[in-house]
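Colleague: There's a structure below that I have some questions on.
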Amino acid sequence: MITRRSVLGGALAAAGLPLLAPGAARAAGRTVPPAFSVAMPVPPVLRPASCADGVDFYEVSIRKATAEILPGTATDVLTYDGHFPGPVIHARSGRQVAVRQHNDIDMPVAVHLHGASVPPESDGGPMAVFTPGTSRTYTYANRQPHASLWFHDHAHHMESEHVYRGLSGTYLLTDAVERSLPLPKGRYDVPVTIRDARFDGNGQLAYTMGDRNRTTVLANGRVTPYFEVAARKYRFRLLNGSNLRIFSLSLSDGTPLTQIASDGGLLERPVAVPVLTLSPGERADVVIDFSPYPVGTRLVLKNTGTSLPEQLGQVLRFDVTHTANDSSRVPDVLRTLPAAADLPAAVVTRDLVLSMDEDGRPDPRGFINGRMYDPERVDTTVAFGTSEIWNVSNANTRAAHNFHLHLVQFRVLERGGRPVHPTEAGLKDTVRVAAGETVRLHVTFDSYRGDYVYHCHMLDHSAMGMMANFRVR
Ligand code: C2O
Ligand code: CU
Ligand code: CU
Numbered sequence: 001m002i003t004r005r006s007v008l009g010g011a012l013a014a015a016g017l018p019l020l021a022p023g024a025a026r027a028a029g030r031t032v033p034p035a036f037s038v039a040m041p042v043p044p045v046l047r048p049a050s051c052a053d054g055v056d057f058y059e060v061s062i063r064k065a066t067a068e069i070l071p072g073t074a075t076d077v078l079t080y081d082g083h084f085p086g087p088v089i090h091a092r093s094g095r096q097v098a099v100r101q102h103n104d105i106d107m108p109v110a111v112h113l114h115g116a117s118v119p120p121e122s123d124g125g126p127m128a129v130f131t132p133g134t135s136r137t138y139t140y141a142n143r144q145p146h147a148s149l150w151f152h153d154h155a156h157h158m159e160s161e162h163v164y165r166g167l168s169g170t171y172l173l174t175d176a177v178e179r180s181l182p183l184p185k186g187r188y189d190v191p192v193t194i195r196d197a198r199f200d201g202n203g204q205l206a207y208t209m210g211d212r213n214r215t216t217v218l219a220n221g222r223v224t225p226y227f228e229v230a231a232r233k234y235r236f237r238l239l240n241g242s243n244l245r246i247f248s249l250s251l252s253d254g255t256p257l258t259q260i261a262s263d264g265g266l267l268e269r270p271v272a273v274p275v276l277t278l279s280p281g282e283r284a285d286v287v288i289d290f291s292p293y294p295v296g297t298r299l300v301l302k303n304t305g306t307s308l309p310e311q312l313g314q315v316l317r318f319d320v321t322h323t324a325n326d327s328s329r330v331p332d333v334l335r336t337l338p339a340a341a342d343l344p345a346a347v348v349t350r351d352l353v354l355s356m357d358e359d360g361r362p363d364p365r366g367f368i369n370g371r372m373y374d375p376e377r378v379d380t381t382v383a384f385g386t387s388e389i390w391n392v393s394n395a396n397t398r399a400a401h402n403f404h405l406h407l408v409q410f411r412v413l414e415r416g417g418r419p420v421h422p423t424e425a426g427l428k429d430t431v432r433v434a435a436g437e438t439v440r441l442h443v444t445f446d447s448y449r450g451d452y453v454y455h456c457h458m459l460d461h462s463a464m465g466m467m468a469n470f471r472v473r
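Using this note's numbering, the first residue of the sequence shown is number 1, and each one after it goes up by one.
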């Protein structure tokens, strides 16, 4: 249950009032370091507390911590189990995971497993918060195929600030299909969360809603780091963990990235992508083959949006430091998915229009079909077991949005009236919708009944109201 007090707390947070007491003045190093001066860490893997009766059981404490994001500076962050960036949970299709989350901060929280098919009581939606000092156990049946998922805070009106301050982690679900492929594995399979941030003069994370000045890029929680690689193939699981920023990623020597997976797992075939566009919440797994490069080569993963400040134009540098054996390979066929023409026939077609105030008012509001989010209102009711077509449009002329549905992986049939590029033709849970654009989605609701949300995953926008409830019954 959400209380009036916690709603008020959320409103204060939404107004940009700090949730964390400002840290005492730090002695040293408050400035953003030069690019490529720190190593990119690989996030730690959580170990289950027990593995009895076919369930991997985890205990996680949601707590404040400090992280050395800027060299020599302790920055206050919110974490899962003390880790910034958040930790990794490994799961397998068909094997259950349960996570007891303890709320050890002073605000309500909700933990959502993004991209997962879960019953409503484990979805961690905006109203399913639990209060400071309490805990909640989430159960994940993992009945879906492999996918690179992530978990993050979803407490109503606080999700954007909580995620910004660190409450996000990685959840890698694998299955027999994926494991049978000779893709890079183990230490050559690296999760990378990319996001932006703004630091104040004390080296603390500054948060205001809709902030356009988050001009520092973090890869796995470090500012424009380097990462030492062997001259062989790597799989990188890229997640855009930003609240607002869309990244356009490419390699500095012009070699295309090989994209092998999107939100809901492997694509049917690998796709060579010169520029990979990733909006907040979207994932893309790419393989980069460093074997053509001599030891000593430095290759930059660039962000090539137009007219970016220098800090934003570079994400990460790969330093080829040694050679290594490589028996991995990217097969020509990764999986099979039903062709768009073979998807179950849709029984309903809906139009959803995303919009927000663009007039520069200090408190911009977000809307879906002209209405702001009302936790009490069910906006869309769908029949269990059926498929629908959702045409999602962005009515804004300048602001970009994207669209995320809980519970399901959908297919994107068209963008602007044309079939989508192969990188968007696999299973998706989040899709970009540029200003003035329409995407056409095919969604099947055949896993669980109950109430869930859909929203723009630019979390500042969902906190402004660009969110709605749907009921599967
Ligand atoms: Cu990443 Cu409502 O979700
Ligand atoms: Cu989600
Ligand atoms: Cu939006």
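Beta carbons: idealized from backbone N, C-alpha and C, even for Gly.
Please read all numbers here as calculations on a predicted model, not as lab measurements.
1) Please list, following the chain, all residues that have a C-beta closer than 5 Å to any non-hydrogen atom of ligand 3.
2) Taking only heavy atoms of ligand 2 into account, decide whether any of them is closer than 7 Å to the Cβ of H404.
3) I want to check one thing, is the minimum distance from the CB of H112 to the heavy atoms of ligand 2 below 7 Å?
4) So, at 6 Å on beta carbons, what are the nonlocal neighbours of F57 in its own chain, with the 5 sequence-adjacent residues on each side left out?
5) For L407 and D429, what's the separation of their Cα atoms in angstroms?
6) Closer than 7 Å by C-beta to A21: which residues in its own chain qualify, once you throw out the five before and the five after it? Chain order, please.
7) Check whether the Cβ of G86 sits closer than 7 Å to any heavy atom of ligand 1, and report yes or no.
8) Throw me the rounded Cβ distance for the F290 and V229 pair, which I believe falls under 8 Å.
9) Once the 5 residues before and after M458 are set aside, which same chain residues still bring their CB inside 7 Å of it?
10) Does T444 come out as helix, strand or coil in the three-state DSSP assignment?
11) Out of P108, F84, F130, point me to the one whose CA is closest to V45's CA.
12) In chain order, what residues of the same chain have a beta carbon less than 6 Å from the beta carbon of V271, not counting five sequence neighbours either side?
13) Are V287 and Y234 closer than 8 Å when you measure CB to CB?
14) Would you check whether ligand 1 has a heavy atom nearer than 7 Å to the C-beta of V472?
15) Taking 7 Å as the cut-off, is the CB of G72 close to at least one heavy atom of ligand 1?
16) Using DSSP with H/G/I as helix, E/B as strand and the rest coil, what is T75?
17) Skipping 5 residues on each side, what residues in its chain have a beta carbon closer than 6 Å to that of D319?
18) Is the beta carbon of V38 closer than 8 Å to that of T170?
19) Since R179 is in the beta strand (DSSP E), which residue starts that stretch and which ends it?
Modeller: If we stick to the structure as given:
1) H401, C456, M458, H461
2) yes
3) yes
4) P48, A49, S50, A98
5) 9 Å
6) For A21, the predicted structure reports a pLDDT of 37, less than 50, and the residue's modelled location is therefore unreliable. The matter cannot be settled from this model.
7) no
8) 5 Å
9) N243, L244, P280, H401, N402
10) strand
11) F84
12) Q259, P422, T423
13) yes
14) no
15) no
16) strand
17) Y226, E228, R298
18) no
19) First-last for R179: 176-179, but that is the alpha helix (DSSP H), not the beta strand (DSSP E).
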